[in-house]
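Data block below; observations after.
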Amino acid sequence: MTKTIIKTEKLCKTFSSGGIQQHVLKNLDMNLIQGDFTIIMGSSGSGKSTLLYAISGMDKPTLGIVDFAGENIAALNNDQLAIFRRKNCGFVFQQIYLLDNMSVLDNILTSGLLVNNNKRELVKLAKDLLIQIGIDENAWSKFPTQLSGGEAQRVGIVRAIINNPKVIFADEPTGALNSLASDNVLDVFTHVNRDGQSIVLVTHDMKTALRGNRIIYLKDGVICGDLQLGAYTENDPIERHEKLRIFLAEMGW
1 MTKTIIKTEK LCKTFSSGGI QQHVLKNLDM NLIQGDFTII MGSSGSGKST
51 LLYAISGMDK PTLGIVDFAG ENIAALNNDQ LAIFRRKNCG FVFQQIYLLD
101 NMSVLDNILT SGLLVNNNKR ELVKLAKDLL IQIGIDENAW SKFPTQLSGG
151 EAQRVGIVRA IINNPKVIFA DEPTGALNSL ASDNVLDVFT HVNRDGQSIV
201 LVTHDMKTAL RGNRIIYLKD GVICGDLQLG AYTENDPIER HEKLRIFLAE
251 MGW
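Per UniProt numbering, the very first residue in the sequence shown carries number 1; after that it's consecutive.
Here it is as structure tokens:
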């Protein structure tokens, strides 16, 4: 039985600059299902990142409702949003926001201790997660500047999931990585999604999009396409690629 984790109703976001209003999201209605790996695509300026920020509480919409696990987060003030995000959301961005003066392990623990003050429990969980994603013990005491881009981004994913968020939000998380590092990061996203983690990821990259089970396509602030791609497996890459290619061609991508 499917369960909605995020629902938007008449979601609007307008920016004003020099007296000119730009309507980026326009009365957008959307349901996101718990456990899905949802990909948001669209051309530059279509509203992808704006939508991600609105549904995650990173930014407030101009109008409309964002029902996140039964709570209208569009009605929360900034302090309430900060608390909500801390407890319910994990974030992974293209730029890797690790603290350079802290070790890999301390970067993760600093995030975890905002929600859970049981440090012994958090240390064990962080180490277990690092091992699962292929970051071995000799890297745990390193500083972020001593890591490759792919390693740092994988550490960023562990930091995002340490508090067991309801949803991980990712904005172009492989955009600055080479092909091998990108594949390693995508493997981690696939792994945590198979364990039941809900993910919403913005990308313009087809290889990244292939990892999702649902593709939502935005154009000029509205949803103009919605593709059920099915769960990712390593066994049907040609068929899956062709299905996505045809969909994106129909969208004018």
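In this text, a Cβ means the ideal position worked out from N, Cα and C, and glycines have one as well.
Distance check between E172 and each of T208, C89, K7, E137 places T208 closest, using alpha-carbon atoms only. Minimum Cα-Cα distance from I96 among the listed residues G45, T145, T190, K166 corresponds to T145. Per DSSP, R159 is one residue of the alpha helix (DSSP H) stretching across 149-161. Going by C-alpha positions, A170 is about 22 angstroms away from K26. By the criterion of a C-beta distance shorter than 6 angstroms, I40 is surrounded in its chain by K48, V202, I216, once the five residues flanking it on both sides are discounted. Just so you know, the alpha carbons of V24 and D136 end up roughly 43 angstroms apart. For T208, the uninterrupted alpha helix (DSSP H) run begins and ends at 206-209, by DSSP.
Per DSSP, T14 is one residue of the beta strand (DSSP E) stretching across 4-17.
In the DSSP secondary-structure assignment, G42 is bridged to L218. A residue is called buried when at least 16 other Cβ atoms come within 10 angstroms of its Cβ; A231 does not meet this threshold and is exposed. Within the stretch 70-142, complete alpha helix (DSSP H) segments of at least 4 residues are found at 78-88, 104-112, 119-132, given in chain order. Nearest Cα to N164 within the set M251, G42, K87: K87. Ranked by Cα distance from T62, the first of T2, F247, L125, L76 is L76. Taking 8 angstroms as the cut-off, the beta carbon of L11 is found no closer than this to the beta carbon of L32.
Shown here, Q228 sits in a strand according to DSSP, grouped into three states. Residue pairing by DSSP places H23 opposite T14 in a beta bridge. For the pair N118 and L147, the Cα-to-Cα distance works out to about 28 angstroms. Looking at the backbone, the Cα of M206 and that of G221 are separated by about 20 angstroms. The stretch 52-62 makes no contact with the stretch 226-241: fewer than 3 CB pairs, one atom from each, lie closer than 8 angstroms. Residue range 237-251 is occupied by the alpha helix (DSSP H) that includes A249.
Collapsing the DSSP output to three states places L177 in coil. Inclusion of K219 and S44 in the CB contact set at 8 angstroms is not warranted, their separation being larger than that value. Taking the C-beta atoms as reference points, Q197 is found no nearer than 8 angstroms to R214. Within its own chain, the residues whose Cβ lies closer than 8 angstroms to the Cβ of Q21, once the five positions on either side in sequence are excluded, are T14, F15, listed in chain order.
In this chain, the beta strand (DSSP E) harbouring G64 covers 63-68. In this structure, I65 places its C-beta atom within 8 angstroms of the C-beta atom of T8.
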